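Remarks on the structure that follows.
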Ligand SMILES: [Mn+2]
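Numbering (my numbering), first residue to last: -7 to 405.
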């Protein structure tokens, strides 16, 4: 494996009991190492900072932005923020631009009544006047890089009040309050700590509290591989939530079954996979926008094979609304020393604007590569085949450069 400065950093951070606070200024340059330059804050200071921020914005209306394909950690954490903010007379709306495609996420939202707005980008743009009713926005479980709405909000000059996240620090994060803990396994853990510190006292006789606690438990479990990767602070958060959550409701959410489309994508990933140096790589060809969540699910499955520590699954997703195609990929790893954020950034590099094609957190990462001019016209099946084969080859080449350094794996020309 390549020597990753960030994985060394993460190991270092793990030895430090106090989590790291990031600087509020954007880091210069492209290195994520900027994360070390911040001062270390205590939990009390963090709680106080959030309390003051909420106090300062009393009576405001805030927009909580989620990543385009929100997962249980993001959904539950946003809900917890909304309930906390409510105590300070701040009304929040939770919005996302993409699709809620994982069957468990759909079940979670339906069964708990989690308040959520879907704002496809086109609609959000035309709603620009509506953005005027908000005094600020909040990014939860993301830093704006995986959230199309953040660009629209930026154009509307809506101030970013808070960023609460656990993914690796992305460039240019600016907000009044930044709480990014790269060493914490789930944003749900961070939000539970805020609840526990008294920003909102949960009450098991309030149905909404019980449902939110259940959602947080689900978020925490799903970002820690069912608690198997959980650390002390996650267990402490889960212990606190256990007083309020509804285990039967959680069970119902977890029992939701996979759709046929997801099974088909998993089947294709199994058929197409190749294993090099304990890395499993699988291209799954074309899939519909609404089925794109099948990609991380296939990666989750492939990483369970013996002798595989890391799985990368990717495919071409066709977004009919916007008439564009993009490569969407997911990485899952059980290798402690592999940093998904660093790995993806190193494998695929940046676009012309200097933005990375993806990133990640502990054990998971994702990437999106727009296909631009080559998008569409797949009715011509020869062209569609050729296009897939070009992208498939190029992604494999880029990955194998890192997986088998020194080996000239694929000869071109
Ligand atoms: Mn998360």
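No residue lacks a Cβ here, since even glycine has one placed at the ideal position from N, Cα and C. The structure presented is a predicted model; accordingly, all values stated were derived computationally and were not measured.
Of the candidates 148, 185, 170 and 137, the residue whose Cα lies closest to the Cα of residue 162 is 137.
Sixteen is the threshold: when 16 or more other Cβ atoms of the shown chains lie within 10 Å of the Cβ of residue 395, as they do, the residue is buried. Under the three-state reduction of DSSP output, residue 116 falls in the helix class.
DSSP places residue 54 inside the beta strand (DSSP E), whose first and last residues are 53 to 57. Under the three-pair Cβ rule at 8 Å, the region 257 to 267 does not count as touching the region 321 to 336. Sixteen is the threshold: when 16 or more other Cβ atoms of the shown chains lie within 10 Å of the Cβ of residue 203, as they do, the residue is buried. Residue state for residue 347 is assigned as coil, using DSSP reduced to three classes. Contact between the region 228 to 242 and the region 76 to 89 is absent: fewer than three C-beta pairs spanning the two stretches fall below 8 Å. CA-CA distance, residue 191 to residue 38, rounds to 11 Å. Using a 10 angstroms sphere on the CB of residue 142, the tally of other CB atoms reaches 16 or more, which defines it as buried. Annotated three-state conformation of residue 45 is helix, per DSSP.
At least 8 Å separates the beta-carbon of residue 179 from that of residue 225. CA-CA distance, residue 155 to residue 169, rounds to 6 Å. By the neighbour-count definition (other C-beta atoms within 10 Å, threshold 16), residue 365 is an exposed residue. Contact annotation: the region 198 to 218 does not touch the region 50 to 57, with fewer than three C-beta pairs closer than 8 Å. Per the coordinates, the alpha-carbon of residue 116 lies some 27 Å from the alpha-carbon of residue 48.
With a cut-off of 7 Å, the C-beta of residue 325 is classified as distant from ligand 1, since no heavy atom of the ligand falls inside that distance.
When the alpha-carbon of residue 151 is set against those of 124, 134 and 171, the nearest one is in 124.
Rounded to the nearest whole angstrom, the C-alpha separation of residue 253 and residue 266 is 22 Å. For residue 310, the shortest C-beta to heavy atom distance toward ligand 1 is 7 Å or greater.
The criterion of a C-beta distance shorter than 8 Å is satisfied by residue 157 and residue 133.
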